[in-house]
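A short write-up of the structure that comes next.
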Amino acid sequence: MLDKSLIADLPPFVGMENDSLEKLISAAQAQRYSKNAHIFRQGADAEHFYLLLDGYLRVVKVTEHGEQVIARYISTGELFGIAVAIGRDTYPANAIAAVDCVALVWPNSVWQPTIEKNPSFSTNTYRAIGDRLQETQDRLVELSTERVEQRVASALLKLVRQTGRQTDEGVLIDFPISRQDLSEMTGTTLHTVSRLLSAWEIAGLIKSGRQRITVVEDHKVMLIAHGQK
DNA sequence: CCATTAAAGGATT
DNA sequence: AATCCTTTAATGG
């Protein structure tokens, strides 16, 4: 049996009445996903919506030719797979566990009643959707105006803000991330990312290993992101 | 400035 | 052993 304290303090649910919370949580099912598992697939019928309780996952668009673009990362406490919120009946992308994850799963049928009875939940989720839209628009501008170096630096900083964990060496990005992943976030190739990271490591801005990146000099990375090298 | 191609070595399963 | 990740160099748009 799930307890409402699991979700009561998470951003999507702040301001909700206690009995509404209880009702919502009782309609949910907890589900574990091991690393690299697909939670849902692009184009599949959207029958559920989700909340990430623990872990990180990536949202990946796949083209007809098999090329992948990482649309965004979802971290703990975020809703995802909310196709129902924007009137879609299929999922627009794949959701893949970046590490072992735990999520709550609801059937879409509980979305509409929950929205209707809980104005705060409604505003919270539509705000979140708005934020994500804003983010993708910012990325569009980035892609068309900034050099690769700036885009990779920006992506690093975004990940640090979203998932950074302080260590004695700097701020570690808290899940396995490859050069390929970074290239899929920034519209470049893994080779270019590899070269950039190598150069930054020599310059002391970051430390990196296989699927590990630690930002040591975030200020200097920020300078690169903003174009003044 | 950056993508592509190729080659090779290390890490992971 | 097979596969995945990373680095490096050469070439060309």
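First residue of the first sequence? That's -18 in the numbering used here, and the numbers climb one at a time after it.
We treat Cβ as the ideally placed atom computed from N, Cα and C, and that holds for glycine.
Per DSSP, cross-strand counterpart(s) of residue i
| i | result |
| --- | --- |
| Arg39 | Tyr54 and Ile77 |
| Phe30 | Trp87 |
| Arg120 | Note: Arg120 sits in no beta bridge, so no partner. |
| Leu153 | Arg146 and Thr195 |
| Gln49 | Val43 |
| Phe61 | Tyr31 |
| Thr71 | Asp26 |
Range of the contiguous beta strand (DSSP E) that encloses residue i
| i | result |
| --- | --- |
| Phe21 | His19 to Phe21 |
| Ser189 | Ile187 to Gly190 |
| Ala11 | Gln10 to Tyr14 |
Limits of the unbroken alpha helix (DSSP H) element including residue i
| i | result |
| --- | --- |
| Pro94 | Trp92 to Lys98 |
| Asp(-16) | Neither: Asp(-16) is in no alpha helix (DSSP H) and is coded neither H nor E. |
| Ala180 | Leu171 to Ile183 |
| Glu165 | Arg160 to Thr167 |
| Glu3 | Asn(-1) to Ser7 |
Whole-angstrom distance between residue j and residue i, CA atom to CA atom
| i | j | result |
| --- | --- | --- |
| Pro94 | Val43 | 33 angstroms |
| Glu182 | Val152 | 14 angstroms |
| Ser189 | Thr71 | 38 angstroms |
| Asp(-10) | Leu138 | 26 angstroms |
| Glu48 | Arg176 | 21 angstroms |
| Met(-3) | Ile96 | 11 angstroms |
| Gly145 | Gly62 | 24 angstroms |
| Thr148 | Ser90 | 43 angstroms |
| Ile205 | Tyr37 | 27 angstroms |
| Glu198 | Trp92 | 44 angstroms |
| Glu123 | Asp112 | 16 angstroms |
| His207 | Val196 | 16 angstroms |
| Leu114 | Val141 | 20 angstroms |
| Leu60 | Arg22 | 16 angstroms |
| Leu163 | Val41 | 12 angstroms |
| Arg108 | Ala180 | 39 angstroms |
| Leu75 | Ile20 | The identity of residue 75 in the sequence shown is Asn, whereas the question assumes Leu. When rounded, the distance between both Cα atoms is 8 angstroms. |
| Gly185 | Glu116 | 29 angstroms |
| Ile77 | Asp0 | 32 angstroms |
| Thr173 | Arg69 | 36 angstroms |
| Ser7 | Arg39 | 27 angstroms |
| Val5 | Tyr31 | Note that residue 5 corresponds to Leu in the displayed sequence, not to Val. The straight-line gap from Cα to Cα measures roughly 12 angstroms. |
| Asp(-16) | Leu34 | 13 angstroms |
Inter-stretch contact at 8 angstroms, needing at least 3 Cβ pairs: the region 12 to 32 / the region 79 to 96: yes
Cβ contact check for the region 54 to 70 and the region -2 to 11: 3 or more pairs under 8 angstroms: no
Contact the region 164 to 177 vs the region 127 to 134: 3+ CB pairs below 8 angstroms: yes
The region 98 to 107 touching the region 22 to 37, judged by at least three CB pairs closer than 8 angstroms: no
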